[in-house]
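In my numbering, the protein residues as written are 157 to 601.
Built from N, CA and C at the ideal position, the CB exists for glycine as well.
Note that the structure is predicted; figures quoted are calculated from it, not measured.
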Amino acid sequence: MAKKPTYDNWSREELIKEINRIKDTTYGLVWHRDKETEEKLDVLIDLDAKTPNETFKNEIAGKPFPVLKEVKNKEIISDSSKPFNYLIEGDNYHSLAVLNFTHWESIDVIYIDPPYNTGNNDFRYNDKFVPRDDGYRHSKWLSFMDKRLKLAKNLLKKTGVIFISIDNNEQAPLKMLCDEIFGESNFVGMLIWRKKEGGGQADAYFVTEHEYVLVYSKSEKFVWRDEKILVEEAEYNKKDENGSFTAVKLAKWGNTAKREDRPKMYFPLKSPDGKNVYPVAPDGGDGRWRVGKKRMEMLIQKGLVFWQKRNDRWIPYEKVYYNDGEVKKIKERSILYDIATTTDGTNELTDIFGKKDLFENPKPTELIKFLLQYGADDNAIVLDFFSGSGTTAQAVLSLNKEDKGNRQFILCTNNEADICTDVCYPRVSKIIGGYKNSKGEKSLV
C-alpha cells in the first residue's frame with residue numbers, strides 16, 4: 157500500500173506543485189497524472205489540440221521539437237511501385253507527437269499491444285520497471301496510456317478504428333479510459349481472443365486461456381466490413397424456405413489455402429452420405445476451410461451449409477442470402493476461438509529467425525490480419541505504436557499479397573532489449589526480402 161506523504165518539511169513551491177497535482181486528479185476513473193521523463197516535451201505538445209498546428213503551438217518559441225531522422229542505409233526496397241512503409245525507432249510518445257504533425261487524421265487503422273502491467277517487468281515508467289506491489293501501479297499505467305491514446309486519436313480518420321490488445325490486469329480501467337477519450341458511443345465492442353488451448357495450472361482459480369481486444373471507432377462514420385465473398389457470377393439462383401441464396405465454397409481459395417497455412421482449419425465434415433470430407437487446396441493437396449471449427453458448427457446448426465456432389469465428391473458451401481438488394485450474412489462472433497494462438501506467433505518468429513525465445517508471447521499474424529480485414533479496406537494506412545516484434549508489418553504485407561491490396565504500415569518501437577535492431581527491423585527485412593524457413597524454402601510475402 158502506498159505511504160501517505162507528510163508535508164511538514166515541504167517548501168512553498170513543493171506544496172503549490174502538490175496542490176496542483178491533486179487538483180488534476182481525475183474522478184470517476186481515478187488516477188494521479190504523474191509526469192514521465194518523456195514529458196519534457198509537454199511544454200510543446202498540447203494533448204487537447206484540435207489541429208496539428210495547435211499540437212505544436214510552442215514551436216515558434218524555440219522549444220524542443222521531436223524530429224524524424226532517415227537512416228538511408230537501413231532502407232529496404234524490393235519494388236519501388238509498392239506503397240512506402242515506415243519503422244520509427246524511439247519513444248512512442250515522441251513518435252506520436254511527430255505523427256500528429258505529419259499524419260493528422262490520416263490513419264485508417266491503429267492496432268496496439270501495449271504492456272499489460274502484470275508487475276513482472278513488462279511495464280517501465282520513468283526508466284524503472286513498475287512492480288506489482290507499487291501502490292500507484294495502475295495510476296502510472298493509466299497516465300502512460302492516457303497521453304498516448306489522446307495523441308493517437310488525432311491521427312485517426314473520421315472513418316478510423318483502433319484495436320487494443322489487453323488482459324485482465326488493465327482491461328477494466330482501459331475500457332473506462334477509452335470511453336473518456338473516444339466516447340462511449342464510439343465503443344464498437346470487446347472481442348475475446350482464445351490465446352492458447354489448455355495449459356498449466358499456475359493461475360489461482362481458472363486456467364486463463366483468453367485475452368481481450370478493445371475496439372473503438374473515431375466517429376459514427378466508421379463502417380465494420382463483412383468478409384469479402386468471392387463469387388465468379390453473383391447470381392443468387394438457389395432457393396430455400398429463407399429466400400434466394402448463392403453458394404460460396406467453404407474451402408479456402410487463393411493464397412494461404414494450404415493445410416500448413418492454418419493447420420487448425422483442417423478437419424473433417426460429415427457429408428450427406430455420412431463420409432468424412434476434408435478441404436482440398438487448389439494444387440490438389442491438403443487444404444483448409446475458410447472458417448474454424450466453432451464457426452463451422454454454427455453454420456451447420458443454422459442450416460447454412462449447402463452440399464453439392466461433383467465428380468463423385470461432396471463439396472460443402474456456405475449459403476449467402478440475398479433479399480431486396482442486400483446480402484444477408486451472419487455477423488462475426490465476439491469470441492475468437494480459431495484465430496491462431498500465441499504459440500503460433502512464437503512459431504512464426506522461430507520459422508523466420510531459425511531460433512527460439514526472441515520475444516515473449518508475440519501476437520500471431522492471423523489475429524491482426526483478421527482485425528485489419530474487418531476494420532478497413534485494402535488501401536488502409538495502419539499504425540502500430542507498440543510494434544514489438546513487428547507482427548503488424550507481416551500482417552499488412554501478407555494481406556497485400558493475398559488480395560493485391562495497397563495497405564501501408566507505420567511501426568513505432570523503442571530499442572529496449574534491442575527489440576528494434578535485433579527483432580523488429582530484421583523481421584521486416586526478411587519478410588520483404590525473403591528468408592529460408594525451417595524447411596529450407598525461401599518464403600516471400
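Using a Cβ-Cβ cutoff of less than 8 Å, which residues in the same chain neighbour residue i once the five nearest sequence positions on both sides are dropped?
i      : result
Phe542 : Asn248, Ile268, Asp269, Pro270, Pro271, Cys568 and Thr569
Leu528 : Val265, Tyr267, Ala536, Val538, Ala551, Val552, Leu555 and Arg563
Lys377 : Lys314 and Thr315
Could you spell out the range, first to last residue, of the beta strand (DSSP E) harbouring residue i?
i      : result
Met346 : Phe343 to Arg350
Gly399 : Gly399 to Lys405
Phe300 : Run containing Phe300: none in the beta strand (DSSP E); it sits in the alpha helix (DSSP H), Arg293 to Leu311.
Arg466 : Val461 to Arg466
Glu245 : Tyr242 to Glu245
Note down the Cα distance separating residue i from residue j, rounded to an integer number of angstroms.
i      : j      : result
Ala588 : His366 : The amino acid at residue 588 is misidentified as Ala; the sequence shows Ile. Their Cα atoms are separated by approximately 31 Å.
Phe423 : Met454 : 15 Å
Arg177 : Glu170 : 10 Å
Val369 : Ser427 : 36 Å
Asn256 : Lys206 : 11 Å
Ile266 : Lys465 : 44 Å
Ser341 : Ile495 : 28 Å
Ser251 : Arg469 : 56 Å
Asp540 : Lys414 : 29 Å
Ser299 : Lys306 : 11 Å
Asp429 : Val436 : 19 Å
Pro239 : Gly561 : 10 Å
Ile348 : Leu333 : 19 Å
Asp533 : Glu226 : 29 Å
Asn432 : Lys408 : 18 Å
Ile175 : Asn229 : 50 Å
Tyr591 : Arg583 : 10 Å
Glu389 : Glu397 : Its pLDDT being 38, under 50, Glu389 is placed unreliably in this model, and the value from its coordinates should be taken loosely. Looking at the two C-alpha atoms, the distance is approximately 23 Å.
Asn503 : Ile471 : 32 Å
Asn214 : Ala328 : Bear in mind that a pLDDT of 47 at Asn214, under 50, signals an unreliable position, so the number given afterwards is only what the model happens to contain. Straight-line Cα distance between these residues: approximately 36 Å.
Pro518 : Tyr163 : 46 Å
Phe509 : Thr497 : 19 Å
Lys395 : Arg381 : 26 Å
Arg304 : Met421 : 37 Å
Trp166 : Thr364 : 47 Å
Val286 : Leu425 : 50 Å
Asn324 : His259 : 32 Å
Quick check: is the beta carbon of residue i nearer than 8 Å to any beta carbon in chain D?
i      : result
Lys519 : Among the chains in the structure shown there is no chain D, since it carries only a single protein chain.
Tell me which residue opens and which closes the alpha helix (DSSP H) that residue i is part of.
i      : result
Glu558 : Thr547 to Asp559
Gly443 : No alpha helix (DSSP H) holds Gly443; DSSP gives it neither H nor E.
Cys334 : Gln327 to Phe338
Glu488 : Run containing Glu488: none; DSSP gives neither H nor E here.
Leu224 : Neither: Leu224 is in no alpha helix (DSSP H) and is coded neither H nor E.
Ile495 : Run containing Ile495: none; DSSP gives neither H nor E here.
Tyr249 : Asn248 to Thr258
Ser585 : Tyr581 to Gly589
Thr521 : Thr521 to Gly531
Leu455 : Lys449 to Gln457
Starting from the C-beta of residue i, find all residues in its chain whose C-beta is less than 6 Å away, skip the five residues before and the five after it, and write them out in chain order.
i      : result
Gly218 : Because Gly218 carries a pLDDT of 49, less than 50, the predicted location of this residue cannot be relied on, and no value is offered for it.
Leu330 : Ile322
Ser585 : Ile232
Ile172 : none
Asn241 : Gln564 and Phe565
Gly546 : Cys580, Arg583 and Val584
Would the beta-carbon of residue i fall within 8 Å of that of residue j?
i      : j      : result
Lys309 : Phe338 : yes
Ile575 : Gly544 : yes
Gly316 : Ile244 : no
Tyr478 : Phe401 : yes
Trp297 : Glu326 : yes
Gly345 : Ser490 : yes
Thr577 : Phe565 : no
Arg418 : Glu522 : yes
Tyr530 : Glu488 : yes
Phe515 : Val579 : yes
Trp463 : Met452 : no
For residue i and residue j, which I take to be in contact (beta-carbon distance under 8 Å), what is that distance rounded to the nearest angstrom?
i      : j      : result
Val379 : Phe319 : The pair is not a contact, with the Cβ atoms about 15 Å apart (cut-off 8 Å).
Phe555 : Lys525 : Here residue 555 turns out to be Leu, not Phe, going by the sequence shown. 6 Å between Cβ atoms; contact.
Val447 : Leu406 : 7 Å
Asp507 : Pro520 : That pair is no contact at about 12 Å.
Lys374 : Leu312 : 4 Å
Gly440 : Glu558 : At roughly 20 Å, the Cβ-Cβ gap does not stay under 8 Å, so Gly440 and Glu558 are not in contact.
Who are the near neighbours of residue i in its chain, counting only those whose CB is closer than 7 Å to its CB and skipping five residues on each side?
i      : result
Ile216 : Interpretation of Ile216 is limited by its pLDDT of 40, a score under 50 that renders its predicted location unreliable; the figure taken from the coordinates is listed afterwards. Excluding residues within five positions, none has a Cβ falling inside 7 Å.
Lys511 : none
Gly443 : Ala407, Lys408, Ala413, Lys414, Arg415, Pro435, Val436 and Ala437
Leu122 : Lying before the first or after the last residue shown, residue 122 is absent from the chain, which here runs from 157 to 601.
Lys450 : Tyr493 and Asp494
Ser599 : Gly590, Tyr591 and Asn593
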